[in-house]
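Numbering (the numbering used here), first residue to last: 7 to 364.
By construction, the Cβ of each residue, glycine as well, lies at the ideal position given by its N, Cα and C atoms.
Written out below as structure tokens is the structure these notes cover.
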Ligand SMILES: C[S@@+](CC[C@H](N)C(=O)[O-])C[C@H]1O[C@@H](n2cnc3c(N)ncnc32)[C@H](O)[C@@H]1O
């Protein structure tokens, strides 16, 4: 019974979505010894700032944040909470606001794309999503919307997402001085691929590059901005992604380098043109290996082949797929590097193999 009453209280608090935490009111001149006493007794909430307020007669009072009740002092529920740093975790901010047993489900990570926050919220605390969104927006005052993430699906790599707070879902994300415009409800942007995007930005100088699965320009844009290849042929099948690819080419002023093509790379990849081919797609990338290899100049070039590989098949499977496809068309393969990009699923890695093809 007690438990359900506690629940009711928390639900009421949640409905209002006012995060309130306790503070004691102390005359300014007495504050320091009180603060020290609270600190020694581990009751002081060190994450929140001491705030100044005024008494009835205008005297200066201090609101000292505390973690629980303290006898002998006037206690208030603070509404306008001020924290020392935005790096105060979401969980810490929700301590004392939601029931203890729910705290373990509070997300410890999220993604900031431009001014939008993308977060996965476990089912167990789905009812807290408005509160979580409000708290995240307090942590990132520059952000406007909070979007709940349910994963990525399909050939177009489309995200499944729902708006929790805000209405704006189109944003411009800045990374490594490159600009990526996208609608986060329609387009994925993997933070785990950042090292690979940076690596690609250092390759391709003066080359002809084919980016077979270009998306909104994840690899094409940084490569064009930093390495200035002679040309990047960027192919993208999804018209929505392709639209943003066009915008991103203009935003980053690389229209003289990137040649965008809307369509299926299995049909549109040019042959015998490339010094370098990027196959930045996972799922069924090996089905496109023939086109990727055929794009490479007869004189030779480099292939960046991505796939998702079960741990026990690292790196034997992607390497043998490249070798088998090359053998079929009489090309030679020299493996340069095999890297793990990120954990894709339990026991499965997103990997990239760099191969010299001649
Ligand atoms: C989302 S990207 C991969 C993400 C990227 N590696 C990153 O850094 O986040 C893969 C893109 O390939 C596109 N695609 C899938 N099949 C394709 C095909 N047959 N031809 C051209 N593009 C394709 C998808 O629409 C998607 O935009």
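Exposure label - residue i; buried when at least 16 CB within 10 Å
{"i": "residue 18", "result": "Its pLDDT being 35, under 50, residue 18 is placed unreliably by the model, and the measurement read from it follows with that caveat. It counts as exposed."}
{"i": "residue 205", "result": "buried"}
{"i": "residue 71", "result": "buried"}
{"i": "residue 188", "result": "buried"}
{"i": "residue 15", "result": "For residue 15, the predicted model reports a pLDDT of 35, less than 50, meaning its position is unreliable and no value from the coordinates is stated."}
{"i": "residue 147", "result": "exposed"}
{"i": "residue 142", "result": "buried"}
{"i": "residue 25", "result": "buried"}
{"i": "residue 11", "result": "For residue 11, the predicted model reports a pLDDT of 35, less than 50, meaning its position is unreliable and no value from the coordinates is stated."}
{"i": "residue 207", "result": "buried"}
{"i": "residue 339", "result": "buried"}
Euclidean distance between Cα positions of residue i and residue j
{"i": "residue 197", "j": "residue 117", "result": "7 Å"}
{"i": "residue 237", "j": "residue 330", "result": "29 Å"}
{"i": "residue 159", "j": "residue 165", "result": "6 Å"}
{"i": "residue 303", "j": "residue 250", "result": "29 Å"}
{"i": "residue 89", "j": "residue 287", "result": "42 Å"}
{"i": "residue 328", "j": "residue 134", "result": "47 Å"}
{"i": "residue 234", "j": "residue 357", "result": "25 Å"}
{"i": "residue 38", "j": "residue 47", "result": "14 Å"}
{"i": "residue 295", "j": "residue 185", "result": "30 Å"}
{"i": "residue 313", "j": "residue 289", "result": "6 Å"}
{"i": "residue 317", "j": "residue 155", "result": "26 Å"}
{"i": "residue 132", "j": "residue 98", "result": "18 Å"}
{"i": "residue 42", "j": "residue 77", "result": "16 Å"}
{"i": "residue 173", "j": "residue 151", "result": "7 Å"}
{"i": "residue 13", "j": "residue 102", "result": "Confidence at residue 13 is low in this model, with a pLDDT of 38, below 50, so its placement is unreliable and the value that follows should be read with caution. Each residue's alpha carbon lies about 13 Å from the other."}
{"i": "residue 1", "j": "residue 247", "result": "Outside the shown range of the chain (7 to 364) lies residue 1, about which nothing can therefore be said."}
{"i": "residue 127", "j": "residue 111", "result": "8 Å"}
{"i": "residue 272", "j": "residue 144", "result": "46 Å"}
{"i": "residue 35", "j": "residue 170", "result": "44 Å"}
{"i": "residue 157", "j": "residue 256", "result": "29 Å"}
Cβ-Cβ separation, residue j to residue i (assumed contact under 8 Å), whole Å
{"i": "residue 283", "j": "residue 216", "result": "5 Å"}
{"i": "residue 308", "j": "residue 343", "result": "Between residue 343 and residue 308 the Cβ distance is about 10 Å, and since that is not below 8 Å, they are no contact."}
{"i": "residue 190", "j": "residue 243", "result": "Actually they do not touch by this definition, with Cβ atoms about 20 Å apart."}
{"i": "residue 220", "j": "residue 263", "result": "13 Å between Cβ atoms; not a contact."}
{"i": "residue 254", "j": "residue 223", "result": "4 Å"}
{"i": "residue 291", "j": "residue 354", "result": "So it is not a contact: roughly 14 Å between Cβ atoms."}
{"i": "residue 81", "j": "residue 30", "result": "6 Å"}
{"i": "residue 218", "j": "residue 265", "result": "Residue 218 to residue 265, Cβ: 13 Å. No contact."}
Any non-hydrogen atom of ligand 3 within 8 Å of residue i CB
{"i": "residue 163", "result": "The ligand content of the structure shown is limited to ligand 1, which means ligand 3 is not among them."}
Query raised in the report: Which ranges does the alpha helix (DSSP H) cover as unbroken runs of at least 4 residues, wholly within the region 240 to 298, from first to last along the chain?
Result: Fully enclosed alpha helix (DSSP H) runs of no fewer than 4 residues occupy 245 to 257, 271 to 274 of the region 240 to 298, in order along the chain.
Query - Ranges of the beta strand (DSSP E) found wholly within the region 62 to 150, counting only runs of at least 3 - result: Entirely contained in the region 62 to 150, the beta strand (DSSP E) runs reaching 3 residues are, in chain order, 66 to 71, 80 to 84, 117 to 119, 122 to 125.
Report task. Run through the region 307 to 332 for me and flag every whole beta strand (DSSP E) of 3 or more residues, listed as ranges in chain order. Result -> Contiguous beta strand (DSSP E) elements confined to the region 307 to 332 occur at 307 to 316, taking only those with 3 or more residues.
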